[in-house]
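**Q**
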Amino acid sequence: MENTPSWLKDAVFYEIYPQTFYDSNNDGIGDLPGIIAKLDYIKSLNVNAIWLNPCFVSPFQDAGYDVADFYNVAPRYGTNDDLKQLFKQAHARGMKVILDLVAGHTSIEHPWFRESCKAEPNKYSNYFIWTDDWGGGAPGYRFINGFAERSGNYMINFFYCQPALNYGFKNPDPDQPWQMPCDHPDVKAVREELRNIMKFWLDMGADGFRVDMAPSLVRGDSTGEGIRELWADYRSWLNREYPEAILVSEWSHPSEAVPAGFHIDFMVHFSLPGYTSLFRKEPYRIPNSPFTGGVSFFDRDGNGDAKLFAEELAEQLDVVRNKGYVSIPTGNHDIGRIRQGRSDAELKVAYAFLFTMPGVPFIYYGDEIGMDYVTGLVSKEGGYNRTGARTPMQWDGSDNAGFSTSPANQLYLPIDPSEQRPTVAAQEKDTDSLLNFVRKLVKLRRESPALASDGEFKALFAEEKKYPLVYERSLNGERYVIAVNPSGKNAAAEFCCPGADKAREIVGCGCNLTANPGAVTISMQPASFAIYAI
Ligand code: GLC
């Protein structure tokens with residue numbers, strides 16, 4: 012792997028939403044000392060890295076993705092010293108920590124933006140993208156009018172309170188003179204600001220960044236040349252100055268993100284139909300694609316399509332091989348919980364799949380115990396329908412599920428009210444629990460290079476609208492065959508796999524593999540899976 016830190020070879024990440032992980036000072040909101048107090052637990056999952064959602068000063072109109080000070084930890088989470096301690100304590104346990112870099116925008120309360128709003132030109136006037144008069148705009152972009160003293164509208168990236176930083180236009184429209192080229196000195200100044208922010212946290216001990224909305228930074232860039240140049244520049248700087256640090260993108264197109272300079276890109280719900288068809292049952296439109304959703308391969312109704320996914324994955328892997336990794340996370344703070352509508356047995360099938368995928372898995376906090384999406388919550392800090400996937404971690408059977416000792420009505424979000432809600436404490440005691448299953452799979456993965464990041468992926472049975480899915484992972488002569496049947500029906504497959512007569516089941520339930528000369532057959536019960544060493 013060129014210029015890629017070797018710790019990624021067997022990396023498995025744990026994503027922590029700081030406000031709902033563990034509250035150490037009884038104010039109803041999670042904090043950094045709380046995360047430090049739980050590091051041994053995180054380590055017990057056998058993961059070797061953490062991704063921390065934004066923890067910086069913010070008015071929290073988008074849960075911290077609206078940063079008002081990139082250089083300081085939000086007081087509700089602690090101090091910069093606490094973050095430094097977190098790096099130190101995680102490192103002492105052999106774990107890395109990456110931060111969330113909200114590169115594309117700030118909060119409207121950021122001092123740069125406040126200065127930029129002023130009529131009097133100043134250093135920050137062009138740090139954001141403003142039209143040159145209050146009636147202005149341009150198709151394809153979103154603007155807020157009537158906000159500032161200066162005569163112009165500002166471009167936004169997401170919510171109205173997230174003004175877009177000015178990384179320039181690759182091909183400025185000559186009819187829109189407010190569009191600045193990428194080499195404009197003010198644009199270059201913004202680019203340097205981002206580098207300085209990265210440098211500050213890397214010097215303090217961070218191991219890299221998950222970059223929010225990574226493809227969105229450069230405008231007027233239909234070929235993608237501008238965005239590739241931008242990230243390639245940061246990446247070559249990292250390679251030189253911080254070769255162990257990594258960049259993970261929220262791009263959802265590894266075959267674009269990795270060549271642009273990222274070490275890892277997520278396959279998530281907003282652009283890849285194959286991935287989306289794995290876990291999402293609801294109708295779902297992907298822009299520029301005929302995909303309309305409504306299918307889910309990991310579903311007892313069994314209406315999914317493994318072929319679409321297997322082909323898409325193979326295409327992505329072909330491009331990123333030897334350069335970087337795909338990541339198929341269990342979930343994240345922007346989508347529903349993987350638990351929704353699935354039993355423990357069904358979740359085990361999904362996890363057998365997720366933890367034997369090539370690239371770098373990410374576990375969203377609480378998914379290891381099967382926390383559910385909580386319905387009916389009022390939106391918190393711009394969460395809207397994402398709010399239900401952000402509820403407090405369920406540690407034990409005590410008040411507030413052990414998340415906080417503050418009064419229940421002061422919690423950041425309520426605890427899942429279900430009487431069956433899973434907890435870490437209960438699952439610790441049960442050798443068959445989801446938690447212990449996740450630990451076992453992550454350990455197996457990290458001890459078996461063929462199952463880890465670099466192992467090759469080959470579909471052995473992935474047919475349109477058929478179950479099961481069977482694939483091989485291999486590296487340097489080590490081989491595994493994995494079969495998953497998430498449907499509620501028996502399933503069987505015949506495929507080719509030389510050497511399968513030596514197959515040894517390492518983990519699994521409800522599968523029967525028979526190797527005949529020339530072909531292998533597998534018969535599988537509903538919600539079954541197996542990992543075989545060959
Ligand atoms: C990303 C984040 C999301 C946030 C948005 C705007 O998609 O994951 O939580 O709201 O960017 O920053």
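Add 11 to a position in the sequence shown, counting from 1, and you land on the number used in the numbering used here.
Beta carbons are placed, not taken as given, at the ideal position from N, Cα and C, and that holds for glycine.
CB of Val360 to nearest heavy atom of ligand 1: below 7 angstroms?
**A** By 1-based counting over the sequence shown, the position of residue 360 is 349. Not under cutoff, so the answer is no.
**Q** Excluding sequence positions up to five away, which residues of its chain have a Cβ less than 7 angstroms from the Cβ of Arg104?
**A** Residue 104 sits at position 93 when you count from the first residue of the sequence shown. Taken in chain order, the residues that qualify are Leu50 and Lys54.
**Q** Apart from the five residues just before and just after Lys129, which ones in its own chain have a Cβ nearer than 7 angstroms to its Cβ?
**A** Numbered from its first residue, the sequence shown carries residue 129 at position 118. Result list for Lys129: Glu160 and Arg161, in chain order.
**Q** Which first and last residues belong to the alpha helix (DSSP H) in which Lys210 is found?
**A** On the sequence shown, residue 210 is found 199 positions in, with the first residue counted as 1. Lys210 -> alpha helix (DSSP H) spans Pro196 to Met215.
**Q** Measuring alpha carbon to alpha carbon, tell me which residue in Leu241, Ala325 and Glu255 is nearest Asp194.
**A** In the sequence shown, residue 194 corresponds to position 183, counting from 1. If we check each option's Cα against that of Asp194, Leu241 comes out closest.
**Q** Using DSSP with H/G/I as helix, E/B as strand and the rest coil, what is Leu593?
**A** Outside the modelled stretch of the chain, which goes from 12 to 545, sits residue 593, for which no answer is possible.
**Q** Nearest by alpha-carbon distance to Lys334: which of Ala271, Asn299 and Tyr376 is it?
**A** For the purposes of this step, residue 334 is identified with residue 323 of the sequence shown, where counting begins at 1. Measuring from the Cα of Lys334, the nearest candidate turns out to be Ala271.
**Q** Measuring alpha carbon to alpha carbon, tell me which residue in Tyr171, Ala85 and Asp34 is nearest Asp410.
**A** Walking along the sequence shown from the start, residue 410 turns up at place 399. Looking at the Cα atoms, Asp34 is the closest of the given residues.
**Q** Asp73: beta carbon under 7 angstroms from a heavy atom of ligand 3?
**A** Although ligand 3 was asked about, the structure shown includes only ligand 1 as ligands.
**Q** Measuring alpha carbon to alpha carbon, tell me which residue in Ser539, Pro425, Pro418 and Ser464 is nearest Tyr478.
**A** Locating residue 478 in the sequence shown gives position 467, where the first residue counts as 1. Minimum Cα distance to Tyr478 is reached at Ser539.
**Q** What number of angstroms, rounded off, separates the C-alpha of Met106 from the C-alpha of Ile61?
**A** Taking the sequence shown and counting its residues from 1, the one referred to as residue 106 is at position 95. Taking the sequence shown and counting its residues from 1, the one referred to as residue 61 is at position 50. Approximately 7 angstroms between the Cα atoms of the pair.
**Q** So, with DSSP's three-state summary, where would you put Asp276?
**A** Numbered from 1 along the sequence shown, position 265 holds the residue referred to as residue 276. Asp276 falls in the strand class under three-state DSSP.
**Q** Roughly how far, in whole angstroms, is the beta-carbon of Val481 from the beta-carbon of Phe506, given that I think they are within contact range, below 8 angstroms?
**A** In the sequence shown, the residue the question calls residue 481 occupies position 470. In the sequence shown, the residue the question calls residue 506 occupies position 495. 6 angstroms between Cβ atoms; contact.
**Q** Taking 7 angstroms as the line, does the beta carbon of Val113 fall inside it for any heavy atom of ligand 1?
**A** The residue you call residue 113 lines up with position 102 of the sequence shown. Flag set: Cβ of Val113 near ligand 1.
**Q** When DSSP labels each residue in this structure, what does Gln30 get in the three-state scheme?
**A** Indexing the sequence shown from 1 puts residue 30 at position 19. Residue state, collapsed to three classes: helix.
**Q** Going by Cα to Cα distance, which pick from Trp145, Tyr395, Gln173 and Pro16 is closest to Arg125?
**A** On the sequence shown, residue 125 is found 114 positions in, with the first residue counted as 1. Among Trp145, Tyr395, Gln173 and Pro16, the Cα nearest to that of Arg125 is on Gln173.
**Q** Taking the straight line between their C-alpha atoms, what separation do you get for Leu424 and Ser464?
**A** Residue mapping note: residue 424 aligns to position 413 of the sequence shown, counting from 1. Residue mapping note: residue 464 aligns to position 453 of the sequence shown, counting from 1. Distance between the alpha carbons of Leu424 and Ser464 is about 35 angstroms.
**Q** Does the beta-carbon of Glu261, which I'm using as the reference point, lie nearer than 7 angstroms to any heavy atom of ligand 1?
**A** Indexing the sequence shown from 1 puts residue 261 at position 250. The answer is yes for Glu261.
**Q** Looking at C-alpha atoms only, which residue of Ala470, Pro254, Asp276 and Leu249 is the closest neighbour of Thr262?
**A** The count along the sequence shown starts at 1 and reaches residue 262 at position 251. Looking at the sequence shown, residue 262 is not Thr but Trp. Closest by alpha carbon: Asp276.
**Q** Just to confirm, does Arg30 get its C-beta within under 7 angstroms of one of the non-hydrogen atoms of ligand 1?
**A** On the sequence shown, position 19 is the one that residue 30 refers to. Correcting the residue identity first, residue 30 is Gln in this sequence and not Arg. No, the beta carbon of Gln30 sits no closer than 7 angstroms to any heavy atom of ligand 1.
**Q** Hey, could you find the ends of the beta strand (DSSP E) Tyr375 is sitting in?
**A** For this step, residue 375 is matched to residue 364 along the sequence shown. Element bounds for Tyr375: Phe373 to Tyr375.
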